[in-house]
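Structure first, then comments.
Number of protein chains: 2
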Amino acid sequence: MARYPSDRKQQTRETVLRHAANQLRAHGPEGVSVAAVMKDAGLTHGGFYAHFSSKDAMVAAAIEYMFGNVRDRWAHETLDLDPATGLARYVDWYLSAAHRDAPATGCPVAALAADMPRMSAKCRAAFAAGAQKMTAMFAQALERLGHRDPAAAASSLAAELVGAVSIARLATEPQRADAILAASRRSIKQRLGLDAG
Amino acid sequence: MARYPSDRKQQTRETVLRHAANQLRAHGPEGVSVAAVMKDAGLTHGGFYAHFSSKDAMVAAAIEYMFGNVRDRWAHETLDLDPATGLARYVDWYLSAAHRDAPATGCPVAALAADMPRMSAKCRAAFAAGAQKMTAMFAQALERLGHRDPAAAASSLAAELVGAVSIARLATEPQRADAILAASRRSIKQRLGLDAG
DNA sequence: GTCTTTATATGACGAGTATCATATCACGGT
DNA sequence: ACCGTGATATGATACTCGTCATATAAAGAC
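If you read the sequences in order, they're chains A and B.
For the first sequence, position 80 matches number 102 in the numbering used here, and the numbering has no gaps at all.
For the second sequence, position 66 matches number 88 in the numbering used here, and the numbering has no gaps at all.
Structure representation (structure tokens):
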């Protein structure tokens with residue numbers, strides 16, 4: 023029956039999704055074209071609708087994919103570390119020059135939040151769910167650290183992380199961009215008690 | 023010589039710019055079309071190139087226009103107030119539900135920062151300059167408040183303001199959106215010593 | 001009233017896009 | 001060797017957008 027390896031289509035779909043996710047963050051929801059994504063994935067535009075019912079469906083799937091990566095990175099960065107060290111390490115990565123300079127593979131919230139209000143309900147829902155899980159991730163770590171009102175602290179933390187990277191990406195001079203990240207690193211660590219060790 | 027009122031073209035240009043600025047924040051740089059802006063301004067698309075050399079030139083001019091409004095609002099909100107009260111009042115406005123729900127007339131950084139990396143050099147430069155002036159505005163107030171390292175504190179403040187509004191605009195449930203703004207209001211005021219009065 | 005100039009409108013062109021109908025290709029079973 | 005089907009390619013359609021050439025409308029000068 024199966025004329026192709028059974029998971030061939032699945033793998034193609036995931037390849038397309040990966041390139042879609044990168045192009046989304048790099049060029050924005052309107053800047054990404056079906057043909058360009060397929061070309062990046064090594065295919066032509068025609069076969070697209072065998073994998074997704076519409077461009078919007080692909081974008082929604084790519085959003086879930088990106089937030090899956092966010093959770094993977096969190097798990098990777100905090101693996102086998104106590105909550106304080108793990109959180110500090112994640113903050114350091116989030117506010118690093120490497121993350122600032124690689125929006126295509128970085129946090130979707132910093133790269134795409136501003137575009138969400140004008141997207142389809144499906145995309146907005148997927149994005150909101152992802153962002154919420156991300157904040158919950160922080161809240162759990164802060165709770166273990168004995169913070170009172172960990173939800174509020176996590177919300178404030180997420181806000182400054184996202185804002186700092188967004189603004190740092192605006193700066194024209196590299197040293198200004200560095201200073202923005204450094205200022206938020208210090209402010210966050212001080213306020214969350216992560217600088218004492 | 024002058025067959026029309028001398029400032030007629032200037033006024034038309036400003037009307038177009040105002041609508042361009044609103045549409046930019048509402049629909050994003052790719053979502054705004056020359057024809058739609060002109061229609062909003064009560065004109066047709068043809069006359070556009072009498073006012074701007076290109077769509078990009080209009081966007082760049084609209085960016086300057088928006089940041090001009092930012093400074094006007096700052097002046098308006100902090101007028102005749104001591105630095106602490108003025109800053110607190112601005113923070114309250116920035117993190118208000120009204121601002122969150124009206125991106126089209128709100129802060130350009132929260133509405134458009136994510137789109138800047140993929141815009142023309144001219145637009146990026148105008149945006150970076152505007153954002154920098156905004157942070158300098160905060161730094162001046164913080165300096166008057168006797169903060170040490172007011173530049174760093176202003177940077178951190180701007181980051182959390184922008185991030186909080188960006189994330190609040192994602193939330194699907196209104197009460198979550200409110201909680202996000204409230205958490206950052208408290209965190210900012212506490213850390214800057216604005217809650218004591 | 002007519003003329004001249006400034007401001008705006010009409011209409012067209014070329015490029016790019018999402019979508020879909022149809023054709024071709026690759027592969028495992030026989 | 002070849003056949004049938006699942007996966008991808010080709011090509012076309014309808015639409016939108018930025019841009020510009022040209023036409024019309026408005027208003028003071030004579």
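Note that beta-carbon positions come from the ideal geometry of N, C-alpha and C, so glycine has one too.
- Do we get a CB-CB distance below 8 angstroms when we pair residue 85(A) with the residues of chain B? Here residue 85(A) refers to the residue found at position 63 when the first sequence is read from its first residue. So no, residue 85(A) is outside the interface.
- [ ] Taking only the alpha-carbon atoms, compute the straight-line gap between residue 180(A) and residue 153(A) and give it to the nearest angstrom.
- [x] In the first sequence, counting from the first residue as 1, residue 180(A) sits at position 158. In the first sequence, counting from the first residue as 1, residue 153(A) sits at position 131. Approximately 9 angstroms, taken between the alpha carbons.
Do the stretch 82-99 of chain B and the stretch 155-163 of chain B make contact, defined as three or more Cβ pairs closer than 8 angstroms? yes
Quick check on residue 137(A) - is its C-beta less than 8 angstroms from some C-beta in chain B? Position 115 of the first sequence, counted from the first residue, corresponds to residue 137(A). Yes - at least one Cβ of chain B is within 8 angstroms of the one on residue 137(A).
| message | Report the CB separation of residue 167(A) from residue 106(A) in whole angstroms; it is logged as a contact under 8 angstroms. | response | Along the first sequence, read from residue 1 onward, the residue named residue 167(A) stands at position 145. Along the first sequence, read from residue 1 onward, the residue named residue 106(A) stands at position 84. The C-beta distance from residue 167(A) to residue 106(A) rounds to 6 angstroms, short enough to fall under 8 angstroms.
Please list, in chain order, all residues of the same chain as residue 23(A) whose beta carbon is under 8 angstroms from its beta carbon, the five residues on each side excluded. As a working note, residue 23(A) is residue 1 in the first sequence. Because residue 23(A) sits at a pLDDT of 44, beneath the cut-off of 50, its placement in the model cannot be relied upon, and the following sentence gives the value as read from the coordinates. Hits under 8 angstroms: none found.
- Query: How do the stretch 114-123 of chain B and the stretch 55-72 of chain B stand: do at least 3 beta-carbon pairs fall below 8 angstroms, yes or no?
  - Reply: no
Please tell me whether residue 73(A) has its Cβ less than 8 angstroms away from any Cβ of chain B.
Counting from one through the first sequence, the residue named residue 73(A) turns up at place 51. No, no contact with chain B.
- Task: Look at the Cβ atom of residue 38(B), then the Cβ atom of residue 73(B), and state whether they are nearer than 8 angstroms.
- Result: As a position in the second sequence, residue 38(B) is number 16, starting the count at 1. As a position in the second sequence, residue 73(B) is number 51, starting the count at 1. Yes, these two residues count as a Cβ contact at 8 angstroms.
Mark residue 130(B) as exposed unless 16 or more other C-beta atoms lie within 10 angstroms of its C-beta, in which case mark it buried. One-based indexing of the second sequence puts residue 130(B) at position 108. The residue is buried, with at least 16 neighbouring Cβ atoms inside 10 Å.
Short of 7 angstroms in beta carbon distance, which residues of its chain neighbour residue 148(A), apart from the five on each side in sequence? Order them along the chain.
Against the first sequence, residue 148(A) aligns to sequence position 126. Contacts found: 82, 85 and 86.
- Residue-level contact to chain B via CB, residue 183(A), 8 angstroms cutoff: Taking the first residue of the first sequence as position 1, residue 183(A) is located at position 161. With 8 angstroms as the cut-off, residue 183(A) counts as an interface residue toward chain B.
*Minimum Cβ-Cβ distance from residue 41(A) to chain B less than 8 angstroms*: The sequence position of residue 41(A) within the first sequence is 19, counting from 1. No, because no Cβ of chain B sits closer than 8 angstroms to the Cβ of residue 41(A).
Distance cut-off 7 angstroms: residue 148(A) Cβ against heavy atoms of the ligand HEM: The ligand content of the structure shown is nil, which means the ligand HEM is not present either.
Considering Cα atoms alone, identify which of 163(B), 47(B), 195(B) and 177(B) is closest to residue 151(A).
Numbered from its first residue, the first sequence carries residue 151(A) at position 129. Residue 151(A) has its Cα closest to that of 195(B), out of 163(B), 47(B), 195(B) and 177(B).
Item to check | Assigned secondary structure, residue 159(B) (DSSP; H/G/I helix, E/B strand, else coil) | outcome: To locate residue 159(B), count along the second sequence from 1; it is residue 137. In the three-state DSSP reduction, residue 159(B) falls in the helix class (H, G or I).
Can you tell me whether DSSP reads residue 73(B) as helix, strand or coil? As a position in the second sequence, residue 73(B) is number 51, starting the count at 1. Residue 73(B): coil per DSSP, three-state reduction.
Problem set entry | Boundaries (first-last residue) of the alpha helix (DSSP H) holding residue 51(B) | By one-based count along the second sequence, residue 51(B) stands at place 29. Note, residue 51(B): alpha helix (DSSP H), 30-53.
Name, please, each residue of chain B whose Cβ falls closer than 9 angstroms to the Cβ of residue 57(A). As a position in the first sequence, residue 57(A) is number 35, starting the count at 1. What residue 57(A) touches in chain B: nothing, since even the nearest Cβ is about 16 angstroms away.
Original post:
Are residue 199(B) and residue 205(B) close, meaning C-beta to C-beta below 8 angstroms?
Top reply: In the second sequence, counting from the first residue as 1, residue 199(B) sits at position 177. In the second sequence, counting from the first residue as 1, residue 205(B) sits at position 183. In this structure, residue 205(B) does not lie closer than 8 angstroms to residue 199(B) by Cβ.
Would you please verify whether the beta carbon of residue 52(A) is less than 8 angstroms from any beta carbon of chain B? In the first sequence, residue 52(A) corresponds to position 30, counting from 1. Yes - at least one Cβ of chain B is within 8 angstroms of the one on residue 52(A).
Please report the Cβ distance between residue 208(A) and residue 174(B), rounded to the nearest whole angstrom; I am assuming they are in contact, meaning their Cβ atoms lie under 8 angstroms. Numbered from 1 along the first sequence, position 186 holds the residue referred to as residue 208(A). Numbered from 1 along the second sequence, position 152 holds the residue referred to as residue 174(B). Indeed they touch by this definition, with Cβ atoms about 7 angstroms apart.
Quick one: residues in its chain with C-beta nearer than 6 angstroms to the C-beta of residue 142(A), no 5 flanking neighbours on either side, listed in chain order? Sequence index remark: in the first sequence, residue 142(A) carries index 120 (1-based). Answer for residue 142(A): 78, listed in chain order.
- prompt: Which residues, in chain order, does the stretch 116-144 of chain A contribute to contact with chain B at a C-beta distance below 8 angstroms?
  reply: 125, 131, 132, 133, 134, 135, 136, 137, 138, 139 and 140
Could you give the uninterrupted runs of the alpha helix (DSSP H) lying entirely in the stretch 109-161 of chain A, keeping only those of 4 residues or more? Within the stretch 109-161 of chain A, the complete alpha helix (DSSP H) runs of at least 4 residues are 119-122 and 130-134.
Original post:
Looking at residue 48(A) and residue 136(A), is the spacing between their C-beta atoms short of 8 angstroms?
Top reply: In the first sequence, residue 136(A) corresponds to position 114, counting from 1. In the first sequence, residue 48(A) corresponds to position 26, counting from 1. Not closer than 8 angstroms, so no.
- Contact under 8 angstroms by Cβ, residue 176(B) with residue 203(B): The residue labelled residue 176(B) in the question sits at position 154 within the second sequence. The residue labelled residue 203(B) in the question sits at position 181 within the second sequence. No; because the gap between Cβ atoms is not below 8 angstroms, this pair is not in contact.
Review point. What residues in the stretch 152-177 of chain B have a beta carbon less than 7 angstroms from any beta carbon of chain A?
Key: 153, 174 and 177
Where does residue 62(B) fall in DSSP's three states?
-> Numbered from its first residue, the second sequence carries residue 62(B) at position 40. DSSP places residue 62(B) in helix when its eight states are reduced to three.
For a test of the three-state rule: what should DSSP assign to residue 170(B), helix, strand or coil? Locating residue 170(B) in the second sequence gives position 148, counting from the first residue. It is coil, neither helix nor strand.
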